[in-house]
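A.B. asks: Sending over a structure as structure tokens; questions will come in a sec.
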Amino acid sequence: MSAGNIESSLPPVIAIDGPSASGKGTVAALVARELGFHYLDSGAIYRAAAHAAHQAGVALEDEAGLVGLARRIELRFDGVEVYLNGVAVGDVIRTEEAGRAASRIAARPALRAALLERQRAFRHLPGLVSDGRDMGSVVFPDATLKVYLTASAEERAKRRYKQLIEKGFDANLSELLQDLMDRDARDAARVAAPLQQLADAALLDTTSLTIAQAVARVLRWYREGMD
Ligand code: C5P
27 MSAGNIESSL PPVIAIDGPS ASGKGTVAAL VARELGFHYL DSGAIYRAAA
77 HAAHQAGVAL EDEAGLVGLA RRIELRFDGV EVYLNGVAVG DVIRTEEAGR
127 AASRIAARPA LRAALLERQR AFRHLPGLVS DGRDMGSVVF PDATLKVYLT
177 ASAEERAKRR YKQLIEKGFD ANLSELLQDL MDRDARDAAR VAAPLQQLAD
227 AALLDTTSLT IAQAVARVLR WYREGMD
């Protein structure tokens with residue numbers, strides 16, 4: 027666990043990384059609320075960028091086109107809503123298809139570089155909780171606390187299934203499981219900022235934890251680091 031940068035003059039950051047559907051977004055948002063910190067859902071930035079590419083007819087393989095687009099788009103977060111060029115896209119970017127498209131463009135190093143400062147700009151007082159794949163490794167390597175939040179693939183597929191059914195979407199558990207495993211494999215195997223458990227990240231396996239327990243664990247680690 028990294029708790030060594032508390033004396034940094036920059037606002038504190040809790041970086042929570044982990045695989046798809048691990049619940050890291052829910053945990054991160056609740057930790058942020060508890061501490062009164064800002065919250066960055068970095069996956070939403072990749073999802074919104076992929077959506078913008080789709081709208082603009084830029085191919086997901088066109089790295090230069092993607093970079094140009096990433097620089098031009100206007101992105102704004104308001105609670106759970108995400109505005110892309112002034113239009114609410116919260117629902118469209120949360121589909122499985124949008125996740126797959128995000129994961130494809132996220133493998134492009136130049137696109138990642140183009141989105142880097144946009145993510146760092148969320149670091150404001152009193153602090154930030156951010157979640158993604160490379161929060162602790164690339165975006166905030168000096169984070170106050172780094173957490174690798176995961177759960178078994180089966181448990182993650184079940185959670186995603188429940189979420190989709192509750193929202194009134196059709197869902198197939200075995201397809202979801204396959205999709206999650208494909209996305210994890212792509213995120214972990216890529217050269218640019220792969221998903222990995224860092225040596226200085228605390229492991230939080232939530233397979234048999236409730237959301238409240240996972241939140242409490244992160245808060246405890248953070249507060250212990252402040253002592
Ligand atoms: O976290 P979420 O599932 O919303 O992220 C969608 C995709 O965006 C991931 O599968 C991953 O490929 C990419 N991503 C990333 N780096 C981040 C956040 C998300 O590469 N920091």
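Throughout, the numbering used here is defined as the position within the sequence shown, counted from one, plus 26.
Beta carbons: idealized from backbone N, C-alpha and C, even for Gly.
So does Ile71 have its beta carbon nearer than 8 Å to some heavy atom of the ligand C5P?
C.D. replies: yes
A.B. asks: Using a Cβ-based criterion (distance less than 8 Å to any ligand heavy atom), does Ala182 qualify as near the ligand C5P?
C.D. replies: Here residue 182 is Arg; the residue named in the question, Ala, does not match the sequence. No; taking the cut-off as 8 Å, the Cβ of Arg182 has no heavy atom of the ligand C5P nearer than that.
A.B. asks: Over what stretch of residues does the alpha helix (DSSP H) that includes Asp67 continue unbroken?
C.D. replies: Counting along the chain, Asp67 falls outside any alpha helix (DSSP H), though it belongs to the beta strand (DSSP E) covering 64-67.
A.B. asks: Measuring only the C-alpha atoms, how far is Ile42 from Thr236?
C.D. replies: For Ile42 and Thr236, the distance between alpha carbons rounds to 17 Å.
A.B. asks: Please specify which runs of the alpha helix (DSSP H), each continuous and at least 4 residues long, are wholly inside the segment 131-155, giving them in chain order.
C.D. replies: 135-146
A.B. asks: Along the chain, which unbroken stretches of the beta strand (DSSP E) at least 3 residues long are found entirely within the segment 49-127?
C.D. replies: 64-67, 101-104, 107-110
A.B. asks: With burial defined as no fewer than 16 other Cβ atoms inside 10 Å of the residue's Cβ, what is the status of Met252: buried or exposed?
C.D. replies: exposed
A.B. asks: Report the residue from Gly51, Val244, Ser46, Arg73 whose alpha carbon sits nearest the alpha carbon of Ala132.
C.D. replies: Arg73
A.B. asks: Cα-Cα, which of Val53, Val57, Gly69, Gly49 is closest to Gly158?
C.D. replies: Gly69
A.B. asks: Once you ignore the five residues that flank Asn31 on each side, which residues in its own chain have a CB closer than 6 Å to its CB?
C.D. replies: Note that Asn31 scores 49 on pLDDT, short of 50, meaning its location in the model is unreliable; the coordinates nonetheless yield the value given after this. So the list reads Asp168, Thr170, once near-sequence residues are dropped.
A.B. asks: Look at the alpha carbon of Ile99 and the alpha carbon of Ala75, and state the distance between them as a whole number of angstroms.
C.D. replies: If you take the alpha carbons of Ile99 and Ala75, they lie about 8 Å apart.
A.B. asks: Mind the definition here: the segment 225-241 touches the segment 169-187 only if three or more C-beta pairs lie below 8 Å; say whether that holds.
C.D. replies: Touching, yes, given that three or more Cβ pairs across the two stretches are closer than 8 Å.
A.B. asks: Less than 7 Å between C-beta atoms, sequence neighbours within five positions excluded: which residues of the same chain meet that for Ala219?
C.D. replies: Arg138, Arg159, Asp160, Ser163, Val164
A.B. asks: Would you report the Cα separation of Ala85 and Glu181, rounded to the nearest angstrom?
C.D. replies: 33 Å
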